[in-house]
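In case it helps, our numbering puts the sequence shown at residues 4 to 577. C-beta atoms are modelled at their ideal positions from N, C-alpha and C, and glycine is treated no differently. Here is the structure we will look at, set down as structure tokens.
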Amino acid sequence: MSSVAASLRAGAITLLLLSPALAQQDIYSRMDRIHPVYAPHGMVASQERLATEVGVDILKAGGNAVDAAVAVGFALAVTLPQAGNLGGGGFMLVHDAASGDTAAIDYRETAPAAATRDMYLDTDGNADPNLSRFTPLAIGVPGTVAGLALALERYGTMPLADVLAPAIRLAEDGFEVTAELSQSLKRSQERLSQWPSTAAIFYKPDGATYEPGETLMQPDLAASLGAIAMEGPAAFYEGDIAEAIAAEMERSGGLITRDDLSAYKAIVREPVAGTYRGYDIRSMPPPSSGGTHIVQILNILEGFDVAELGAGSAAAIHLMAEAMKRAYADRSAFLGDSDFVEVPLAGLTSKAYAASLRGGIDADRATPSETIAPGTSLAHESDQTTHFSVIDANGNAVSNTYTLNFGYGMGLVAEGTGILLNNEMDDFSAKPGVPNAYGLIGGEANAIEAGKRPLSSMSPTIVLKDGKVFLVAGSPGGSRIITTTLQIIMNVIDHGMNVAEASVAPRIHHQWLPDELRVEEGLSPDTIRLLEEKGHVIALKSTMGSTQSILRRDDGALFGASDPRRATSLTAGH
Ligand code: DON
4 MSSVAASLRA GAITLLLLSP ALAQQDIYSR MDRIHPVYAP HGMVASQERL ATEVGVDILK
64 AGGNAVDAAV AVGFALAVTL PQAGNLGGGG FMLVHDAASG DTAAIDYRET APAAATRDMY
124 LDTDGNADPN LSRFTPLAIG VPGTVAGLAL ALERYGTMPL ADVLAPAIRL AEDGFEVTAE
184 LSQSLKRSQE RLSQWPSTAA IFYKPDGATY EPGETLMQPD LAASLGAIAM EGPAAFYEGD
244 IAEAIAAEME RSGGLITRDD LSAYKAIVRE PVAGTYRGYD IRSMPPPSSG GTHIVQILNI
304 LEGFDVAELG AGSAAAIHLM AEAMKRAYAD RSAFLGDSDF VEVPLAGLTS KAYAASLRGG
364 IDADRATPSE TIAPGTSLAH ESDQTTHFSV IDANGNAVSN TYTLNFGYGM GLVAEGTGIL
424 LNNEMDDFSA KPGVPNAYGL IGGEANAIEA GKRPLSSMSP TIVLKDGKVF LVAGSPGGSR
484 IITTTLQIIM NVIDHGMNVA EASVAPRIHH QWLPDELRVE EGLSPDTIRL LEEKGHVIAL
544 KSTMGSTQSI LRRDDGALFG ASDPRRATSL TAGH
């Protein structure tokens, strides 16, 4: 071992001997650990390098966190077509340092006016997942343009045209295709090429895919972005883009009309609020389930000495899984769009309810899920949603997760617009007890209704300490979004990890049904054995999530990390 390595090793051992308070202070800067990206003024973490650079440029030019976030959101619609979008929806948390307030902007898609409760049932009354995932009936009324424009108008400082300019440039001049995008487009070719309007953009005229290093230009998308820059969101909801989307729906059999588009509204909501070991948690309320269950799970776990049990220990993972499955059972029954159904938010996030759930947890034995509520099995998986985090020099912060649902959404571009449309309607419960694409079960609360928003798991979160931003976190991952974001928070608060270590650590997930404890590679065999001995069924599957996290030290210094699970991510600052 070299002397440097030896002294680093000695440092790490010393750290273990320090008091928890001292260790906590050190988590930001110790370089004898996997270390995060550092910047003194502002920082952006996103899943795509060019979009991160767009955001950093806006911060450098004097824009605030919201200006940068909106620019990143539009840029990702160009450079990360799998998930970045104009034709989907999402959620943005904005923390305003001056007032200390955090707002939750809900720009989730809505069900078109012609949507009906049983629209995905076949003649025998069975849910047909093909209808809710792979046909134009799957498309919800997009919210992204309204949401980003609302955020900018309320909390930004720059004109819409200025924050759109980099995205327009990337769409018009094109950008270099990464190996990841090239492979992703190859994998999705059959599904996307069904639609000539999509094939014409993402594949060459002879059907070949773009190879890494080649340039992808999107002139129609550049024109759509240009129209939004000139006319504002009305270009999308009332102008030529609205007309093109409605025409596409008529042609291909979707439900969205011009009236649906002109009726769409992004909504500013109160975030879900909770506390965890002296930190304040702010996260997304319904129509997301994310914030509610992050707070609920943290409340349950607060009653256990998780730090003492240790990161990655079978004892800690067991308690986490037990808390998770109880929360996901509640999700299936109680969560939906709170503008349509009564969601017992205060109860679900109360410390008293958490204490009663905690009382049902046996530290030695897994509670079988069917004794918590009735069950079913996990359907196929799909992926793509994306999260980004921004903090500026004044301590303003944005935590944003948005999505088309599946990679490239429904796969259909509305002819002439360059805009990929979502398949978010699959997040509704097509039939009580029948799982969606993420194996999530819902009932009455998440039944389809005209104008209603489908229940989401997206969990953009901001953790505050003494009223100031401490941590900005979030992730894609379908049903795993909630538990992935939870583990970033716990790795930092309970286990004193810095934000890079917190991002790297192997993840676990339990969603009540199926009754399996999903784990990533990286848990030790004896940890797995101990968990099996407690009665858990372990499912070793692919990695979960793509977190983009930024931690702010009291003096304003920023430490960030993009999830190493995705190749194209970048955290950068200035
Ligand atoms: O809103 C939701 O919960 C889902 N539509 C998110 C989908 C997702 O995260 C896919 N990505 N990995």
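Enclosing beta strand (DSSP E) for residue i [first to last residue]
i: residue 271; result: 270-272
i: residue 293; result: Run containing residue 293: none in the beta strand (DSSP E); it sits in the alpha helix (DSSP H), 293-304.
i: residue 99; result: 92-99
i: residue 105; result: 104-110
i: residue 564; result: 561-565
i: residue 314; result: Run containing residue 314: none; DSSP gives neither H nor E here.
i: residue 465; result: 464-468
i: residue 285; result: 282-286
i: residue 202; result: Not the beta strand (DSSP E): residue 202 falls in the alpha helix (DSSP H), residues 199-205.
i: residue 548; result: Note, residue 548: premise wrong, no beta strand (DSSP E); not H, not E.
i: residue 573; result: 573-576
i: residue 277; result: 275-279
i: residue 49; result: 46-49
i: residue 117; result: Unbroken run through residue 117: none, as it is neither H nor E.
Nearest-angstrom Cα separation, counted from residue j out to residue i
i: residue 521; j: residue 544; result: 7 angstroms
i: residue 327; j: residue 123; result: 29 angstroms
i: residue 389; j: residue 126; result: 36 angstroms
i: residue 407; j: residue 146; result: 11 angstroms
i: residue 437; j: residue 165; result: 45 angstroms
i: residue 356; j: residue 40; result: 39 angstroms
i: residue 290; j: residue 209; result: 43 angstroms
i: residue 297; j: residue 207; result: 44 angstroms
i: residue 239; j: residue 227; result: 8 angstroms
i: residue 24; j: residue 137; result: Because the pLDDT of residue 24 is 43, which lies under 50, any placement of that residue in the model is unreliable, and the question is left without a value.
i: residue 221; j: residue 54; result: 16 angstroms
i: residue 223; j: residue 421; result: 5 angstroms
i: residue 491; j: residue 254; result: 45 angstroms
i: residue 256; j: residue 64; result: 45 angstroms
i: residue 377; j: residue 337; result: In this prediction, residue 377 scores a pLDDT of 27, lower than 50, which makes its location untrustworthy; no coordinate-derived value is stated.
i: residue 526; j: residue 151; result: 39 angstroms
i: residue 295; j: residue 301; result: 10 angstroms
i: residue 494; j: residue 299; result: 17 angstroms
i: residue 90; j: residue 84; result: 10 angstroms
i: residue 573; j: residue 97; result: 21 angstroms
i: residue 333; j: residue 178; result: 44 angstroms
i: residue 384; j: residue 547; result: In this predicted model, residue 384 has a pLDDT of only 37, less than 50, meaning its place in the structure is not dependable; the value taken from the coordinates is given anyway. If you take the alpha carbons of residue 384 and residue 547, they lie about 11 angstroms apart.
i: residue 17; j: residue 504; result: Low local confidence applies: a pLDDT of 34 at residue 17 is under 50, so the model's placement there is unreliable, with the coordinate-based value given in what follows. Roughly 18 angstroms separates the two Cα atoms.
i: residue 323; j: residue 426; result: 31 angstroms
i: residue 236; j: residue 313; result: 49 angstroms
i: residue 93; j: residue 367; result: 39 angstroms
i: residue 568; j: residue 506; result: 9 angstroms
i: residue 449; j: residue 458; result: 6 angstroms
i: residue 523; j: residue 50; result: 20 angstroms
i: residue 540; j: residue 512; result: 12 angstroms
i: residue 510; j: residue 409; result: 22 angstroms
i: residue 189; j: residue 392; result: 29 angstroms
i: residue 269; j: residue 110; result: 5 angstroms
i: residue 395; j: residue 171; result: 24 angstroms
Alpha helix (DSSP H) segment containing residue i, residue limits
i: residue 189; result: 182-190
i: residue 473; result: Here residue 473 belongs to no alpha helix (DSSP H); instead the beta strand (DSSP E) covers 471-476.
i: residue 448; result: It is not in any alpha helix (DSSP H) - residue 448 carries neither H nor E in the DSSP assignment.
i: residue 225; result: 222-234
i: residue 78; result: 68-82
i: residue 240; result: 237-240
i: residue 57; result: 52-63
i: residue 244; result: 243-255
i: residue 266; result: 261-266
Discussion item. Which runs of the alpha helix (DSSP H) at least 4 residues long sit entirely within the stretch 494-536? Give them in chain order.
Written reply: Along the stretch 494-536, the alpha helix (DSSP H) occurs as fully enclosed runs of 4 or more residues at 502-507 and 528-536, listed in sequence order.
Worksheet item: Does the stretch 526-543 come close enough to the stretch 309-319 that 3 or more CB-CB pairs lie under 8 angstroms?
Response: Between the stretch 309-319 and the stretch 526-543 there are three or more C-beta pairs closer than 8 angstroms, enough to call the two in contact.
Worksheet entry | Segment contact flag, the stretch 246-258 with the stretch 405-424, C-beta cutoff 8 angstroms, min 3 pairs | Between the stretch 246-258 and the stretch 405-424 there are three or more C-beta pairs closer than 8 angstroms, enough to call the two in contact.
Worksheet item: Within the chosen definition, does the stretch 470-486 reach the stretch 552-563 through at least 3 CB pairs nearer than 8 angstroms?
Response: Touching, yes, given that three or more Cβ pairs across the two stretches are closer than 8 angstroms.
Worksheet item: Contact between the stretch 97-108 and the stretch 196-214: three or more CB pairs below 8 angstroms?
Response: No, because fewer than three Cβ pairs between the stretch 97-108 and the stretch 196-214 fall closer than 8 angstroms, the two stretches do not touch.
Practice prompt. For the stretch 203-222 and the stretch 53-66, state whether three or more C-beta atom pairs, one from each stretch, are separated by less than 8 angstroms.
Written response: No, they do not touch.
Item to complete: Counting only runs of 3+ residues fully inside the stretch 353-414, write out the beta strand (DSSP E) ranges in chain order.
Response: Contiguous beta strand (DSSP E) elements confined to the stretch 353-414 occur at 388-394 and 400-406, taking only those with 3 or more residues.
Fill in: Sequence ranges, alpha helix (DSSP H) only - wholly within the stretch 130-194, length at least 4
Listed in chain order, they are 132-137, 147-158, 163-176 and 182-190.
Worksheet item: When the Cβ atoms of the stretch 447-458 are set against those of the stretch 107-121, are three or more pairs found closer than 8 angstroms?
Response: Verdict: yes, contact present.
Worksheet item: How about the stretch 438-452 and the stretch 473-487: do they share at least three Cβ pairs that are nearer than 8 angstroms?
Response: Yes, the stretch 438-452 touches the stretch 473-487.
Discussion item. I'd like the ranges of any alpha helix (DSSP H) spanning at least 4 consecutive residues and lying wholly in the stretch 319-354.
Written reply: Entirely contained in the stretch 319-354, the alpha helix (DSSP H) runs reaching 4 residues are, in chain order, 348-351.
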